[in-house]
Structures are given as structure tokens and as C-alpha cells.
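Q: I am attaching a structure below and will ask some questions about it afterwards.
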Amino acid sequence: MTDGQWVSLFSGGKDSSWALYRALEEGLDVARLVTVHPEGDSYMYHVPATRLASLAAESIGVPLVDIEPADFEAAAASESGEQGDTELEPLEAALADIADDLDGGLAGVTAGAVESEYQTSRIEAMAERLGCEVFAPLWQRDPRDLADEMLAAGFEITIVQVAAYGLDESWLGRTLDREALDELEALNEEYGVHVLGEGGEFETFVTDGPHMSRPIELEYDTVWNGDRGHLEITSASLGD
Numbered sequence: 001m002t003d004g005q006w007v008s009l010f011s012g013g014k015d016s017s018w019a020l021y022r023a024l025e026e027g028l029d030v031a032r033l034v035t036v037h038p039e040g041d042s043y044m045y046h047v048p049a050t051r052l053a054s055l056a057a058e059s060i061g062v063p064l065v066d067i068e069p070a071d072f073e074a075a076a077a078s079e080s081g082e083q084g085d086t087e088l089e090p091l092e093a094a095l096a097d098i099a100d101d102l103d104g105g106l107a108g109v110t111a112g113a114v115e116s117e118y119q120t121s122r123i124e125a126m127a128e129r130l131g132c133e134v135f136a137p138l139w140q141r142d143p144r145d146l147a148d149e150m151l152a153a154g155f156e157i158t159i160v161q162v163a164a165y166g167l168d169e170s171w172l173g174r175t176l177d178r179e180a181l182d183e184l185e186a187l188n189e190e191y192g193v194h195v196l197g198e199g200g201e202f203e204t205f206v207t208d209g210p211h212m213s214r215p216i217e218l219e220y221d222t223v224w225n226g227d228r229g230h231l232e233i234t235s236a237s238l239g240d
């Protein structure tokens, strides 16, 4: 690994949280978390519940940098590759600025991609331009093995959004435990639902883990629109 400090690309979801946790376990000096808050849909970024990332950062004890880009207008995009490159621009600019404040500069970034070549190739290209490394411990791992490792480590994971056949309103607010994973494996065989939601079938938020000093307590309403839904967070705070 190179000299300098690390930045974790962080949404508060399970994948980016696991990448951060593994980086800390490996002894990487993670000095900042960075959360991008898209106004609308996004090709590159996790969208739901990103405002909760500040609570997670407080519990983890690493300063958070928020990036507030203009609406990416992803729904109107005609070319996905160009859209992804455009969406990466504010993150790359922010990382270049952050690097000036890090001890020894920017050593690398952590990323939570599992199978998305679309996202990973762009993050790797960005890192090359910035002269830093990428730590992607989930990349091309078996999804169920990864999920089991997260649970074994003590991650508490809440499903905050669903959008796939087989996932009804009862999944909103559900804890991603081994029973849920068994059901997701069955849904994978029946409908092709990715066990980790890599295709956007569901989104998550990590409310507790071994890298967090205090759990995050959520209160919410469920919002359901025909075949998809999300949690409307009404209150969020750090517990004891």
C-alpha cells in the first residue's frame, strides 16, 4: 500500500460499510468518509437514506464529507457510459480537494462494488487519474458468503427500499438476517433477484456493527407504490 491516508466512499448501506470495515480491519488509515447525495436517480451512487450517513459517521468516529451535486437527470440519460462519467465528476473534484488536507496525500479509496463492472471500472479510472489505489474487498466475491460474513461480524442491516418481483411491502424495514437471506436465495432462483441487491432490487442501511460505537435507532413510515416502496425516515438518533 502507498503512503498517505484513505477515503471511504460511503453511503451507509451494507456494501460501502463492509468495505470501510474491512479497510479498518486491514489497518488502512481511513481519514474521511465521503457521501454523495444525488437529488434524483443515479447510475453511480446509492440514493436512499444517504442523509443518515452523518449519524453513521459519528458512530464510527471518522469525519464525513458531504457532496451535494446538481440533479444528474439520470432518467433522461441517453448514453449510460457518458452519464456515469458525468456523475463521477463532482466526486473526483472533491477527492482532489480532500487530498490536500490528508497526511501524506490520498493513498486510496474504498469501494463497495460486488459485481458492477460499470461502477468499478469508473472508480478505478478515477483513482488512476488521482494517483491513488482502490480497496474493493467485495469485488467478485460470492454474494451469500459476503452476506454471511457481514452477519457473523455483527452487522445489523435494515432494508430501506425494494423494487423487484417477489419483494413486497413486508420487506420494508426488515432486518437482513439469515432467514431473509434464505428467502432471497429462493427469489434469486425464481426471479433472478440478487442476494445482495446488486441490481437495485433492494437497498439497505447499516444500523450497527463492530466498527460503530453506538447503534442507530430509526423510526419510519413505509411508502408503497404498486410494485416498489421505501422507508420514510421520521426520526433517527444514536442509541446507548
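Straight run, no breaks: the sequence shown in the UniProt record's numbering ends on number 240.
All residues carry an ideal CB built from backbone N, CA and C; glycine is no exception.
Bear in mind the structure is a predicted one, so any value in this text is a computation, not a measurement.
(1) Less than 8 Å between the CB atoms is what I'm expecting for P143 and V114, so what's the real figure, rounded?
(2) Should the region 216–233 be regarded as contacting the region 179–194, the criterion being three or more beta carbon pairs within less than 8 Å?
(3) Leaving out five residues on either side along the sequence, give the residues of the same chain with a beta carbon under 8 Å from the beta carbon of G154.
(4) Should the region 165–174 be regarded as contacting the region 226–233, the criterion being three or more beta carbon pairs within less than 8 Å?
(5) Assuming contact is defined by CB atoms lying nearer than 8 Å, are E232 and D221 in contact in what I supplied?
(6) Given that a residue counts as buried once 16 or more other Cβ atoms are within 10 Å of its Cβ, and exposed if not, what is Q5?
(7) On the premise that L9 lies in contact with S16, defined as a C-beta separation below 8 Å, what is that separation, rounded to the nearest angstrom?
(8) In whole angstroms, what separates the C-alpha of R178 from that of S237?
(9) Using the beta-carbon count (16 or more within 10 Å), is S170 buried or exposed?
(10) Please list the terminal residues of the continuous beta strand (DSSP E) segment that includes Q161.
(11) If the criterion is Cβ atoms closer than 8 Å, does the pair V109 and I98 meet it?
(12) Hey, V34 and P69: beta-carbon distance below 8 Å or not?
(13) Assuming the contact rule is C-beta atoms closer than 8 Å, M150 and I159 should be a hit. Round their C-beta distance to whole Å, please.
(14) Might you give, ordered along the chain, the residues of its own chain that have their beta carbon closer than 7 Å to the beta carbon of S59, omitting 5 neighbours on each side?
(15) In chain order, what residues of the same chain lie with their CB nearer than 8 Å to the CB of T234, ignoring the 5 residues before and after it?
(16) Could you tell me how far apart the beta carbons of A111 and T120 are, in whole angstroms, since I believe they sit closer than 8 Å?
(17) What residues in its chain sit with their C-beta under 6 Å from that of residue 247, if we drop five residues either side in the sequence?
(18) Rounded C-beta distance between L95 and V30? I'm assuming under 8 Å.
(19) Looking at the structure shown, is S54 part of a helix, part of a strand, or coil, going by DSSP?
A: Quick answer:
(1) 6 Å
(2) no
(3) D208, G209, P210
(4) Counting Cβ pairs under 8 Å, three or more are found: they touch.
(5) The answer is yes: Cβ separation under 8 Å.
(6) buried
(7) 6 Å
(8) 26 Å
(9) exposed
(10) 156–162
(11) no
(12) no
(13) The Cβ separation is near 13 Å, so there is no contact.
(14) M212, S213, R214, I216, L238
(15) Cβ neighbours of T234 beyond the five flanking positions: E219, Y220, D221.
(16) 7 Å between Cβ atoms; contact.
(17) As displayed, the chain neither begins before 1 nor continues past 240, which places residue 247 out of reach and without an answer.
(18) With a Cβ gap of about 14 Å, L95 and V30 do not count as contacting.
(19) helix
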